[in-house]
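Following: one structure in structure tokens, then a few remarks.
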Ligand SMILES: [Zn+2]
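In UniProt numbering, the protein residues as written are 1 to 138.
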């Protein structure tokens with residue numbers, strides 16, 4: 001068995017993805033378990049994206065420089081009404097993180113932990129990205 005590693009593929013457990021490339025499980029808030037997306041509604045996409053490390057909105061002082069993490073695997077949906085529950089941060093300058101210039105982060109609508117993903121209002125048609133590593137699958 002000498003199968004070359006496919007970069008970026010190994011990190012996604014295949015039981016999370018259907019043959020159609022959609023999410024086989026519900027996507028939940030990693031903190032409180034709120035339902036974010038129902039199964040089969042989002043497509044897996046690979047795109048490198050820097051996001052600030054997970055924080056709880058109330059726990060992090062605004063002035064503190066956020067540390068970032070590069071995430072590669074995202075669930076993408078094209079309509080915000082596809083989400084069962086999601087919250088948005090105010091518009092952020094993502095260029096500071098080497099990302100799209102205008103960003104809104106997605107956060108849990110209930111406990112406000114985030115970012116669990118992002119959306120760039122300047123990208124048309126609209127796409128909403130949820131980072132696989134930032135959510136729970138059940
Ligand atoms: Zn939550």
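Even glycine gets a Cβ: it sits at the ideal position worked out from N, Cα and C.
Please report the residue range of the beta strand (DSSP E) in which residue i lies.
i	result
residue 213	Residue 213 lies beyond the range of the chain shown here (1 to 138); nothing can be said about it.
residue 103	102 to 107
residue 76	68 to 77
residue 128	128 to 131
By DSSP, does residue i sit in helix, in strand, or in coil?
i	result
residue 41	coil
residue 23	strand
residue 33	coil
residue 93	strand
residue 46	strand
residue 63	Any reading at residue 63 must be qualified, since the residue scores a pLDDT of 46, below 50, and its modelled position is unreliable; no value is offered.
Quick one: residues in its chain with C-beta nearer than 7 Å to the C-beta of residue i, no 5 flanking neighbours on either side, listed in chain order?
i	result
residue 95	101
Residue i to residue j, Cα distance in whole Å?
i	j	result
residue 106	residue 14	24 Å
residue 104	residue 138	26 Å
residue 91	residue 77	19 Å
residue 133	residue 88	18 Å
residue 41	residue 79	10 Å
residue 81	residue 117	15 Å
residue 27	residue 86	11 Å
I'd like the list of long-range same chain contacts for residue i, defined as Cβ closer than 6 Å, with 5 residues on each side in sequence excluded.
i	result
residue 110	32, 34
For residue i, which residues of its own chain have a beta-carbon under 8 Å away from its beta-carbon, when the five flanking residues on both sides are left out?
i	result
residue 17	23, 24, 44
residue 47	72, 74, 129
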